[in-house]
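Protein chains in written order, with my numbering: chain A, 1 to 235; chain B, 1001 to 1235.
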């Protein structure tokens, strides 16, 4: 069985969320059931890019992960697109045999049995600014499938007040899920440099919202890779 | 019994290490047994500033924490200076009764029985560039006292290759302690703006060292508060 892969890169550090700062190899799956208005990975989402995606077996992928990491086990993050529309069970099984551990990032629209084999599952439901709507029954099914995971967290991107209120409601719905908020990034052109100060200002806005409201549940974090590399791909 | 307190501020977010991004009130103790060459908190270290420090009881401190957080429990980070030269046991006891949890950041030169009551203990031994030397027997005593903690981590600031090699040796010594590395900040004048790009470049240098070496144990993180607020105090 072949998997559609947009890119495999690293080791770099995880730039977001619960594993921020952790050395990671990324396996970015091609294809997505969502079309978020502000998607920063359209090259892994839009089927117009499908000719750039490789058809790879789990063994092929693992060989590339092994090559990039010189055979030294580390965290492999399966991202996308939405990786949950494909079957990464065998990849995870192969990698774990060699000591690698796996994280997966998905919006929570499709539940997979292989979630249970992950070390970390990051569910990132998309707020109103994305133009997508969350089906919480499907999200709940993802949570059920993730029962074997060491860590399950929720990560929400915040562009505006509406997203912020939506994130608060999501936290009330799932008070036991660790929550990570990050400011949205409206600058997603890989050929344009990122305005560092503007990115920091968006982070400051979100920090002040959260602390000013006395809402102490979420972690507030930037996209570190975006601060370091802008929207450059492969890092 | 009174405690020497340099400042109490927040809620803001934790800018460093294992709790990065977490809403936090900081209780910064006055006084330190170290004089690190690059200390960014000399106002809490040098006894020349002792007239700015307040003598506060644990009840006084807790009243201020409560006021700042509007009585909503959050993480209280006890930092310094070296907070471990004073007795924060009663503060922690009082705070925990109201649902607050406590983190403490210390170099690991003085062990305290109240370490066991913390949620998180961050031990940050100082690398050679600091001009200080670590007594690992004292560090080990801190670890012993921290046995009740939910999380004990090691955080090391890296200014140069010598620090980097030293951190690697520390990780070999304590392979089971989660390790956080952060690039050193040579710009510590609170009245001067921080050069954001230079700070990002130092982070990039450290990320490339770690990933290039295939050293996947440490998390590599910036000082987020420094990116957001520069060296401004009280945030």
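Yeah, the Cβ is synthetic: ideal placement off N, Cα and C, and Gly gets one too.
> Considering residue 154 of chain A, what are the terminal residues of the beta strand (DSSP E) in which it resides?
Replying inline: Translated into the one-based positions of the first chain, residue 154 of chain A becomes position 154. Segment 151–158, the beta strand (DSSP E) holding residue 154 of chain A.
> Does the distance from the CB of residue 150 of chain A to the CB of residue 119 of chain A come in under 8 Å?
Replying inline: In the first chain, counting from the first residue as 1, residue 150 of chain A sits at position 150. In the first chain, counting from the first residue as 1, residue 119 of chain A sits at position 119. Closer than 8 Å, so yes.
> Okay, do the region 1003–1013 of chain B and the region 12–23 of chain A touch, 3+ Cβ pairs below 8 Å being the bar?
Replying inline: Touching, no.
>> For a test of the three-state rule: what should DSSP assign to residue 1076 of chain B, helix, strand or coil?
In response: Residue mapping note: residue 1076 of chain B aligns to position 76 of the second chain, counting from 1. If DSSP states are grouped into helix, strand and coil, residue 1076 of chain B belongs with the strands.
> Taking Cβ positions only, does residue 241 of chain A come closer than 8 Å to chain B?
Replying inline: An answer regarding residue 241 of chain A cannot be provided, because it is not within the stretch 1 to 235 covered by chain A.
> What are the residues of the region 1178–1190 of chain B that lie near chain A, defined by any Cβ-Cβ distance shorter than 8 Å?
Replying inline: Per Cβ criterion, the list reads 1180.
> In this structure, does DSSP put residue 1107 of chain B in helix, strand or coil?
Replying inline: One-based indexing of the second chain puts residue 1107 of chain B at position 107. The DSSP-derived three-state label of residue 1107 of chain B is coil.
> Can you tell me whether DSSP reads residue 68 of chain A as helix, strand or coil?
Replying inline: Here residue 68 of chain A refers to the residue found at position 68 when the first chain is read from its first residue. Helix at residue 68 of chain A.
> Is it true that the region 1167–1186 of chain B meets the region 1213–1230 of chain B, where meeting means three or more beta-carbon pairs spaced less than 8 Å apart?
Replying inline: Contact holds: three or more Cβ-Cβ distances are below 8 Å.
> Given that residue 1072 of chain B touches chain A, what residues does it touch there, using C-beta distances under 9 Å?
Replying inline: In the second chain, residue 1072 of chain B corresponds to position 72, counting from 1. For a Cβ distance threshold of 9 Å, residue set 214, 215, 216 of chain A lies close to residue 1072 of chain B, ordered along the chain.
> From what residue to what residue does the beta strand (DSSP E) around residue 1197 of chain B run?
Replying inline: By one-based count along the second chain, residue 1197 of chain B stands at place 197. Where residue 1197 of chain B is concerned, there is no enclosing beta strand (DSSP E), although the alpha helix (DSSP H) it sits in stretches over 1196–1212.
> Where residue 90 of chain A and residue 1013 of chain B are concerned, what is the direct C-alpha to C-alpha distance, given to the nearest angstrom?
Replying inline: Taking the first residue of the first chain as 1, we reach residue 90 of chain A at position 90. Taking the first residue of the second chain as 1, we reach residue 1013 of chain B at position 13. Answer to the nearest angstrom: the Cα atoms are 39 Å apart.
>> Going residue by residue through the region 1014–1064 of chain B, where are the continuous beta strand (DSSP E) segments of at least 3 residues, counting only ones entirely within it?
In response: Runs of the beta strand (DSSP E) inside the region 1014–1064 of chain B: 1023–1029, 1054–1056.
>> Nearest by alpha-carbon distance to residue 104 of chain A: which of A:173, A:114, A:77 is it?
In response: Position 104 of the first chain holds residue 104 of chain A. Answer by Cα proximity: A:77.
> What is the DSSP secondary structure of residue 1134 of chain B, counted as helix, strand or coil?
Replying inline: For the purposes of this step, residue 1134 of chain B is taken as residue 134 along the second chain, with counting starting at 1. Look at residue 1134 of chain B here: in three-state DSSP terms it is coil, with no helix or strand label.
> When you compare only the Cα positions, how much space is there between residue 203 of chain A and residue 156 of chain A?
Replying inline: In the first chain, the residue the question calls residue 203 of chain A occupies position 203. In the first chain, the residue the question calls residue 156 of chain A occupies position 156. Answer to the nearest angstrom: the Cα atoms are 13 Å apart.
> In chain order, what residues of the same chain lie with their CB nearer than 6 Å to the CB of residue 1101 of chain B, ignoring the 5 residues before and after it?
Replying inline: On the second chain, residue 1101 of chain B is found 101 positions in, with the first residue counted as 1. The residues are 1075, 1119.
> Is residue 164 of chain A helix, strand or coil when you go by DSSP?
Replying inline: Position 164 of the first chain, counted from the first residue, corresponds to residue 164 of chain A. The answer is helix: DSSP assigns residue 164 of chain A an H, G or I state.
> How close, in whole Å, do the beta carbons of residue 85 of chain A and residue 110 of chain A come, if the pair is a contact with beta carbons under 8 Å?
Replying inline: The residue given as residue 85 of chain A occupies position 85 in the first chain. The residue given as residue 110 of chain A occupies position 110 in the first chain. The C-beta distance from residue 85 of chain A to residue 110 of chain A rounds to 6 Å, short enough to meet the 8 Å contact threshold.
>> Less than 8 Å between CB atoms is the rule here; does residue 1022 of chain B satisfy it with respect to chain A?
In response: Here residue 1022 of chain B corresponds to residue number 22 of the second chain, with the count starting at 1. Output row for residue 1022 of chain B: interface = yes.
> Quick one: is residue 1006 of chain B near chain A, going by C-beta distance under 8 Å?
Replying inline: In the second chain, the residue the question calls residue 1006 of chain B occupies position 6. For residue 1006 of chain B, no Cβ of chain A is located within less than 8 Å of the residue's own Cβ.
> Across which residues does DSSP place residue 1180 of chain B in a beta bridge pair?
Replying inline: Sequence index remark: in the second chain, residue 1180 of chain B carries index 180 (1-based). Answer by DSSP bridge pairing, in chain order: B:1155, B:1219.
> What is the rounded straight-line gap between the Cα of residue 185 of chain A and the Cα of residue 226 of chain A?
Replying inline: On the first chain, residue 185 of chain A is found 185 positions in, with the first residue counted as 1. On the first chain, residue 226 of chain A is found 226 positions in, with the first residue counted as 1. Each residue's Cα considered, the two are about 9 Å apart.
> Does any CB atom of chain B fall closer than 8 Å to the CB of residue 69 of chain A?
Replying inline: The count along the first chain starts at 1 and reaches residue 69 of chain A at position 69. Interface with chain B (8 Å Cβ-Cβ cutoff): residue 69 of chain A is included.
> Out of curiosity, what's the CA-to-CA distance linking residue 1094 of chain B and residue 1065 of chain B?
Replying inline: Locating residue 1094 of chain B in the second chain gives position 94, counting from the first residue. Locating residue 1065 of chain B in the second chain gives position 65, counting from the first residue. Distance between residue 1094 of chain B and residue 1065 of chain B, taken at the CA atoms: about 11 Å.
>> Just to make sure I have the definition right: I need the residues of chain A whose C-beta is within less than 9 Å of the C-beta of residue 1221 of chain B. Which are they?
In response: The residue labelled residue 1221 of chain B in the question sits at position 221 within the second chain. The answer, in chain order, is 13, 20, 21, 224.
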